[in-house]
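Report on the structure given below.
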Amino acid sequence: MTDSRKSRRIGQTSPRWLALALTIALGATACAEVSSQDLSQAVTVSPAQQSDDRPLEEKVDTDGDGEMSDEEIEAYARSVLLDFSNCMRASGFPDFTDLVLEDLLEAGQGQFLALMADRGVVISDPNAVPTLRSCGENLSDLQTFAPQPSDAEAEAQEVATLEFAACMRDEGISNWPDPDFAENPGNGYGPELLQGIDVQSDEVQDTIAQCQAANSSAGAGLENETSDEDTTTHADATADEPDDQPQPEEDIDRAPISPLIEGDTSDLNVAEVTRRDLTQTTTLAGTLDFGAQRPFPTNTTGIVTALPGEGDLIGFGEVLFAVEGEPVLLLEGAAPQYRPFTSNMSDGNDVEQLEQNLVALGYADDLDLTVDQDFTAITRDAVEELQVAFDVEDTGRLDLGRIVFSPAPVRIGQVNVELGQSISPQVTVLSVTESDQRITLDLDAEDRSLLSVGADVDIELPDSTTVPGLVVNIASTATRVLNAQGGDSGERTIEVTIEFLGTPPADAFDSAPVDVIVTEEVIADVLTVPVPSLVALSGGGHAVELIVQGGTRLIEVELGDFVDDIVEVRGDLQEGDRVVMATAG
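Per the numbering used here, the very first residue in the sequence shown carries number 296; after that it's consecutive.
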């Protein structure tokens with residue numbers, strides 16, 4: 296490739312536009328990388344765009360004729376700028392708009408960082424320097440096509456830069472070096488010259504601004520684009536600070552891992568450091584219903600003349616259904632009725648069960664009934680009182696099937712007969728469920744330790760309301776459900792039964808999926824921040840960007856427990872501190 300091709304211009308461009316790309320991408324950012332190397336080490340940067348190691352001539356000469364035409368050079372330059380923009384978006388600046396050739400031509404010499412600030416990238420952002428250098432690797436190719444300044448222009452630039460260096464020393468930065476144009480074409484400064492100088496410190500930044508004002512052309516390659524506006528750590532680099540913007544009354548004296556990042560913090564998305572109890576929970580899938588239906592034997596004979604409705608709740612002393620105009624009553628008891636209740640019957644537990652109900656339901660209030668296993672004349676009188684109450688003949692006798700004992704009230708799950716149907720003791724007239732709703736869930740056997748009988752849980756209903764519950768039963772054996780398709784064994788599960796603690800919600804669904812929330816652990820009185828405020832450090836660990844007077848600082852933190860999008864942090868933070876959120880929220 297000849298020297299004439301190296302100086303070939305892209306279209307009819309300004310003779311200086313590509314010098315600016317090298318000046319900023321390889322000069323200013325290099326200086327900033329050294330002066331703020333703690334910052335660049337503290338930020339994880341996405342990998343650079345894939346490197347293309349082919350000779351420049353092969354990259355540009357797309358038609359293979361051995362020549363790099365103006366059209367090919369321009370197309371290559373636009374491709375490099377588009378790759379650069381894509382890389383910036385993928386490396387932590389998602390709102391970065393495409394950098395195009397016309398941007399550089401209109402901006403002119405020394406304004407590359409201003410173009411970056413317009414796209415939300417400012418040099419004081421700890422992610423900016425390493426990302427610009429990583430994504431801008433291929434910008435160096437474009438220097439080949441940059442026309443060289445005239446001898447007069449080069450001499451004027453060198454004189455101005457030397458004057459800038461002298462100004463820096465005169466204003467107090469005594470170790471500021473002279474430029475080395477032989478080693479660093481363009482602005483004369485490379486990383487090796489500025490080692491040991493914290494370019495991002497307040498003192499150096501103020502002095503740079505002062506010397507730029509005195510000799511703006513000399514500092515073009517080193518400028519931090521501060522001009523008349525403060526830089527920020529986020530997208531808006533030129534926003535005016537409102538008069539009512541709250542600021543800390545005093546600078547926060549902490550142990551940062553970065554120098555002060557100056558800027559207007561008024562438009563940043565921030566969150567407070569809070570002190571709270573963190574509760575770790577596990578959510579399990581359960582089913583709300585009345586339990587499985589079961590047949591309800593009644594041992595009744597006759598023609599059915601009245602039936603309940605499905606879903607009806609039947610309490611003790613109430614009618615289950617009627618046969619030939621007489622009620623079949625539900626009474627409390629564990630033993631079934633197996634014989635008629637009548638005078639002169641033998642003693643038995645069933646008699647005692649009947650008498651207990653007659654007393655409890657008030658049918659023996661005016662009688663001196665002794666509850667025992669003996670069916671006496673007083674027992675017969677109490678039975679007559681019961682019959683009178685239900686408007687049937689007061690015989691003092693209860694035939695088999697007129698009483699059904701149950702340990703608990705029942706809910707009608709299904710009616711299995713029709714009105715007018717003739718039934719016998721072998722006919723199951725009703726299927727019932729439990730009278731109270733409960734929640735059942737299949738707990739993985741390996742999670743058995745999560746729950747115990749008597750443990751409190753929270754139940755989230757389908758309408759998102761949460762009510763308290765109590766674990767009342769955990770099966771003693773695990774079951775395994777077979778895979779219906781492949782026949783492979785499923786996971787072992789344990790059935791858990793949970794009841795509402797207190798009165799069940801009046802408007803709860805008869806049957807519905809619910810969430811059972813189990814509280815595993817409560818971590819008391821810890822400092823917390825939202826997870827989106829964390830900054831990952833390239834060497835491992837995390838930091839937060841703390842709002843301080845005049846800007847922000849990175850403060851390293853140790854992470855504790857996570858609960859949802861909140862995390863426990865330990866470090867040089869206090870309750871009420873404000874930290875920058877990396878994402879909206």
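Beta carbons are placed, not taken as given, at the ideal position from N, Cα and C, and that holds for glycine.
This structure is a prediction, so every number in the text was calculated from the model and none was measured.
- With contacts defined by Cβ atoms closer than 8 Å, residue 853 and residue 822 do not form a contacting pair.
- In the structure shown, the three-state DSSP call for residue 388 is coil.
- Taking a C-beta distance under 8 Å as the contact criterion, residue 576 and residue 814 qualify as a contact pair.
- With contacts defined by Cβ atoms closer than 8 Å, residue 807 and residue 789 do not form a contacting pair.
- Residue pairing for residue 459: DSSP places it in no beta bridge.
- Of the candidates 743, 386, 554, 571, 554 places its Cα closest to the Cα of residue 846.
- Take the alpha-carbon of residue 594 and the one of residue 579: they are about 42 Å apart.
- Short of 6 Å from the beta carbon of residue 658, and not among the five residues preceding or following it, lie these beta carbons of its own chain, in chain order: 677, 680, 681.
- Put simply, the segment 756-774 does not touch the segment 599-618. Fewer than three CB pairs are less than 8 Å apart.
- Secondary structure remark: continuous beta strand (DSSP E) runs of at least 3 residues inside the segment 732-820, in chain order: 733-739, 751-755, 761-769, 774-777, 784-795.
- Judged by DSSP in its simplified three-state form, residue 576 adopts strand.
- Bridge partners of residue 584 according to DSSP: 733.
- Taking the CA atoms as reference points, residue 624 sits about 11 Å from residue 632.
- In the structure shown, the three-state DSSP call for residue 349 is coil.
- Burial of residue 386 is indicated by the presence of at least 16 other C-beta atoms within 10 angstroms of its C-beta.
- DSSP, reduced to helix, strand and coil, places residue 625 within a strand of the structure shown.
- Residue state for residue 477 is assigned as coil, using DSSP reduced to three classes.
- For the 8 Å CB-CB criterion, residue 791 and residue 735 form a contact.
- Sequence-distant Cβ neighbours of residue 646 in its own chain, meaning closer than 6 Å and more than five residues away, are 668, 670.
- Per the coordinates, the alpha-carbon of residue 863 lies some 5 Å from the alpha-carbon of residue 856.
- For residue 394, no beta strand (DSSP E) encloses it, and the DSSP letter there is neither H nor E.
- In this structure, 795 is the residue among 694, 768, 732, 795 with its C-alpha nearest to the C-alpha of residue 761.
- The residue among 354, 877, 860 with its C-alpha nearest the C-alpha of residue 574 is 860.
- Cβ contact annotation for residue 597 (same chain, cutoff 6 Å, sequence separation greater than five): 618, 619, in chain order.
- Residue 604 is a Cβ neighbour of residue 707, given a cutoff of 8 Å.
- Here DSSP, grouped into helix, strand and coil, assigns residue 659 to coil.
- Sequence-distant partners of residue 660 (beyond 5 residues in either direction) whose C-beta falls short of 8 Å from its own C-beta are missing from its chain.
- Around the C-beta of residue 798, fewer than 16 other C-beta atoms lie within 10 Å, and the residue is accordingly described as exposed.
- Secondary structure of residue 592 (DSSP, three-state): coil.
- Just so you know, the alpha carbons of residue 746 and residue 810 end up roughly 15 Å apart.
- Under the DSSP assignment, residue 829 falls outside any alpha helix (DSSP H), being part of the beta strand (DSSP E) whose first and last residues are 829-831.
- Here residue 425 carries a helix assignment [DSSP, helix/strand/coil].
- The beta carbon of residue 379 lies closer than 8 Å to those of 344, 394, 430, 431, 433, 434 in the same chain, with the five residues before and after it left out.
- Taking 8 Å as the cut-off, the beta carbon of residue 588 is found no closer than this to the beta carbon of residue 717.
- Burial state of residue 372 is buried, judged by a 10 Å Cβ sphere holding 16 or more other Cβ atoms.
- Taking a C-beta distance under 8 Å as the contact criterion, residue 729 and residue 586 qualify as a contact pair.
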